[in-house]
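First up is the structure itself, then whatever we jot down about it.
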């Protein structure tokens, strides 16, 4: 199991566009597996997503409907 700080860091990196491979390299040999990183990204809580969407860096998706 990972600490909350580590989970938050992984989620932040993912929101900034960092790939899983880049995340694994940045974490180094900390004992977390690639599968755990993917699970953390996939299971982001609604509260975390709401906070990310409120960020000034969030870009609302645009639909091209003609």
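In our numbering, the protein residues as written are 4 to 69.
All C-beta atoms, glycine included, are put in the ideal place defined by N, C-alpha and C.
Quick caveat, the model's predicted, so the values are computed rather than measured.
Buried or exposed: residue 38, going by 16 or more other Cβ atoms within 10 Å of its Cβ? If you number the chain shown from 1, residue 38 lands on position 35. Classification of residue 38: exposed, given that the 10 Å Cβ count is below 16.
Anyone know if the C-beta pair for residue 35 and residue 14 falls short of 8 Å? Residue 35 sits at position 32 when you count from the first residue of the chain shown. Residue 14 sits at position 11 when you count from the first residue of the chain shown. No, the pair does not count as a contact, with Cβ atoms beyond the cut-off.
By the 10 Å Cβ neighbour count, where 16 or more other Cβ atoms means buried, how is residue 10 classified, buried or exposed? Indexing the chain shown from 1 puts residue 10 at position 7. That one is buried.
Give the straight-line distance between the Cα atoms of residue 16 and residue 40, rounded to the nearest whole angstrom. Here residue 16 corresponds to residue number 13 of the chain shown, with the count starting at 1. Here residue 40 corresponds to residue number 37 of the chain shown, with the count starting at 1. Using only the alpha carbons, I get a separation of about 11 Å.
Contact set for residue 19: own chain, Cβ-Cβ below 6 Å, skip 5 residues either direction: Locating residue 19 in the chain shown gives position 16, counting from the first residue. Counting only Cβ-Cβ distances below 6 Å, and skipping sequence neighbours, we find nothing.
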